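A.B. asks: First the structure, then my questions, so here it is.
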Amino acid sequence: MTRDEEQALGRAFREAGDIQARNRLVEAHLEAVRRLAHKYASTRAPLEDLVAAGRVGLLRACDTFEPDRGLRFMTYASFWIRSEMLSFVWNSRSLVPAARSKLQRRIYPLRHERARQIQASGDADRVDQELAAATGVSVEVLRQQITEWSRKDLALDEPIGASGLTRLDELTEPGPSSEQVLLDRELTEAQREVVRGALQLLDERERLIVQSHLMASPEQELSLSELGALLGVSRERVRQLELRAKRKIEQHLRRLPREAELLLVS
């Protein structure tokens, strides 16, 4: 596809909301998405899952692409594609299995994009129709699958009993008395708040490195080489980014009240 064709399609979607123009722009760049997905295959994420996530990145790029700036579409879209692939790699390491069938793999990465678009536009019907058309499924199938995943996520977060603990807590916090569990839970929540505040200071690459290398459990941890493949940089560059992230976190902790610092070493 030529630069002029990209700009014409981008303008048609941006100015007139032409969904067919957007879909043509997406379809024309799917092969580039597949090439990027092959680069990230070393992360153990299935190739088709990465392609599906990259497709969501293309949709997000279409939403914000400004044809008059003169950039080639793929130059602009590559950021969004990588971002969605990285997000999928991280989220797919959760307790709830992502997607087993080919159909599920096409829909799974759309969950957060659908919520984002509905929040922005307030028109769930239009969003569902557009996403269904872009992924080649019916609106009914799209909604049914996303609703099913939402129920599974909620089931893990539902409080059970008077303690307010969830099924997820039962899986991850076995053993001590209920009083000790509740005390630990309060402390853990406070610790999470401190950590969340620190992570917000990091850029996307730094956050991925901290979460996938420093904070991950041994079975989920990505090596510096794997992170380099994900980010498209050398292992040494990943190490430099990790050091930069650590410095930012240390500076953040030094600015905290003494009580908050103690939470992280208790």
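Numbering (our numbering), first residue to last: 102 to 367. C-beta atoms are modelled at their ideal positions from N, C-alpha and C, and glycine is treated no differently. These figures come from a predicted structure and were not determined experimentally.
I need the DSSP call for Ala-146, collapsed to helix, strand or coil.
C.D. replies: coil
A.B. asks: Arg-136: buried (16+ other C-beta within 10 angstroms of its C-beta) or exposed?
C.D. replies: Counting Cβ neighbours within 10 Å, Arg-136 comes out exposed, since fewer than 16 surround it.
A.B. asks: Quick one: grab the DSSP three-state call for Asp-119.
C.D. replies: coil
A.B. asks: Is it a yes or a no for the region 165-173 touching the region 105-123, going by three-plus beta-carbon pairs under 8 Å?
C.D. replies: yes
A.B. asks: Quick one: measure Cβ to Cβ for Ala-190 and Leu-160, integer angstroms, because I've assumed they're closer than 8 Å.
C.D. replies: Note that residue 190 is Val in the sequence shown, not Ala. With a Cβ gap of about 19 Å, Val-190 and Leu-160 do not count as contacting.
A.B. asks: Classify Ile-261 as helix, strand or coil using the three-state DSSP reduction.
C.D. replies: Interpretation of Ile-261 is limited by its pLDDT of 44, a score under 50 that renders its predicted location unreliable; no figure is taken from the coordinates.
A.B. asks: Starting from Arg-135 and walking both ways along the alpha helix (DSSP H), at which residues does that stretch end?
C.D. replies: 131-140
A.B. asks: Leaving out five residues before and five after Ser-239 in sequence, what residues of the same chain have Cβ atoms less than 7 Å from its Cβ?
C.D. replies: Ala-233
A.B. asks: For Arg-104, count neighbouring C-beta atoms within 10 Å of its own C-beta (all shown protein chains included) and say buried if the count is 16 or more, exposed if not.
C.D. replies: exposed
A.B. asks: Can the beta-carbon of Ala-154 be found closer than 8 Å to that of Trp-181?
C.D. replies: no
A.B. asks: Taking buried to mean at least 16 other C-beta atoms within 10 Å of its own C-beta, is Ser-222 buried or exposed?
C.D. replies: exposed
A.B. asks: Let's test the definition: count the other Cβ atoms within 10 Å of the Cβ of Glu-132 and tell me whether it reaches 16, buried, or not, exposed.
C.D. replies: Residue environment analysis places Glu-132 among the exposed positions, since fewer than 16 neighbouring C-beta atoms fall within 10 angstroms of its C-beta.
A.B. asks: Tell me which same chain residues have a C-beta within less than 8 Å of the C-beta of Arg-340, skipping the five on either side of it?
C.D. replies: Same-chain partners within the cutoff: Leu-325.
A.B. asks: Confirm, please, whether the CB-CB distance from Met-186 to Ala-138 is below 8 Å.
C.D. replies: yes
A.B. asks: Measure the Cβ-Cβ separation of Ala-235 and Asn-124 and say whether it is below 8 Å.
C.D. replies: yes
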